[in-house]
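Under UniProt numbering, the residue at position 159 of the sequence shown is numbered 159, and the numbers go up by one with no gaps.
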Amino acid sequence: MKTLVILSHPIFETSSLNKQVVAELKKYPDKYTIHHLEEEYPDEEINVAAEQRLIENHDNLVLEFPIYWYNCPHLLKKWLDEVLEFNWAFGPEGHAIENKRVALIVTTGADKSHYQNKGTTMNEVLTPFKMTFEHTKSNYQGFFAIFGPITTEDVVQDAVNFLKKL
1 MKTLVILSHP IFETSSLNKQ VVAELKKYPD KYTIHHLEEE YPDEEINVAA
51 EQRLIENHDN LVLEFPIYWY NCPHLLKKWL DEVLEFNWAF GPEGHAIENK
101 RVALIVTTGA DKSHYQNKGT TMNEVLTPFK MTFEHTKSNY QGFFAIFGPI
151 TTEDVVQDAV NFLKKL
């Protein structure tokens with residue numbers, strides 16, 4: 001089973017967390033395809049048909065992104081809006097990602113205390129993704145969150161182990 005990792009990070013070169021996760025996943029090219037939206041579409045003109053074919057040619061789908069103002073980067077939002085279109089991802093004829101395992105890996109610049117019960121929890125922040133993939137009848141597997149500006153190899157390995165369960 002091969003997993004497509006849709007990476008969205010506008011300033012990936014400065015991201016230690018996302019770079020560590022991607023570096024670890026690249027060790028397993030037979031299992032993971034890394035598809036960086038900002039590299040693929042610097043003009044932000046998404047080739048919807050190509051993206052849909054890419055998804056169709058993989059067993060699982062993972063979205064990896066940093067939390068930006070309690071949401072995803074704008075190009076990932078645009079990708080979701082355009083690629084998961086009516087009668088492809090949902091609707092009477094839209095079954096392309098039905099039952100496909102989908103998961104999220106998210107990173108934050110803030111520590112976990114910013115996403116606790118006294119504030120907005122990560123579950124609440126990621127509810128739109130859960131609802132999107134439930135609406136498309138995908139098999140939503142939840143998320144793995146990496147908090148803080150610095151991490152250890154163990155946390156990165158935990159993220160990879162999360163994906164291995166797909």
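For every residue, glycine included, the Cβ atom is placed at its ideal position computed from N, Cα and C.
Predicted model only: the values in this text are computed from it and were never measured.
Next item on the list: Determine the closest residue to phenylalanine 86 out of Asn99, His135, Ala145, with distance taken between C-alpha atoms.
Entry: His135
Check: Is it true that the stretch 113–122 meets the stretch 23–33, where meeting means three or more beta-carbon pairs spaced less than 8 Å apart?
Finding: no
Next item on the list: Measuring alpha carbon to alpha carbon, tell me which of Leu104, Ser16, Ile67, Asp81 ends up nearest isoleucine 6.
Entry: Leu104
Notebook entry, point to check: Would the stretch 3–20 and the stretch 30–48 be scored as touching if the rule is three or more Cβ pairs under 8 Å?
Noted result: yes
Item checked: Best match in Phe90, His58, Gly109 for proximity to valine 71 [C-alpha to C-alpha] -> Per the sequence shown, residue 71 should be read as asparagine rather than valine. Taking only the C-alpha atoms, the option nearest asparagine 71 is Gly109.
Next item on the list: Below 7 Å CB to CB, which residues in the same chain sit around glutamate 93 once its five sequence neighbours on both sides are set aside?
Entry: Asn87
Next item on the list: Taking glutamate 64 as part of the beta strand (DSSP E), name the residues at either end of that continuous run.
Entry: 60–66
Next item on the list: Taking valine 106 and phenylalanine 162 to be in contact with their CB atoms under 8 Å, please state how far apart those CB atoms are, rounded to whole angstroms.
Entry: With a Cβ gap of about 11 Å, valine 106 and phenylalanine 162 do not count as contacting.
Margin query: Is the separation between the beta-carbon of glutamate 44 and that of valine 83 shorter than 7 Å?
Written below: no
Margin query: Between Gln157, Lys31, Asp154, which has its C-alpha nearest leucine 61's C-alpha?
Written below: Lys31
Note to self: For leucine 54 and threonine 120, I'd like the C-alpha separation in whole angstroms.
What the structure shows: 34 Å
Margin query: Using 8 Å for Cβ pairs, my map puts lysine 100 next to serine 138. What's the rounded Cβ distance?
Written below: 5 Å
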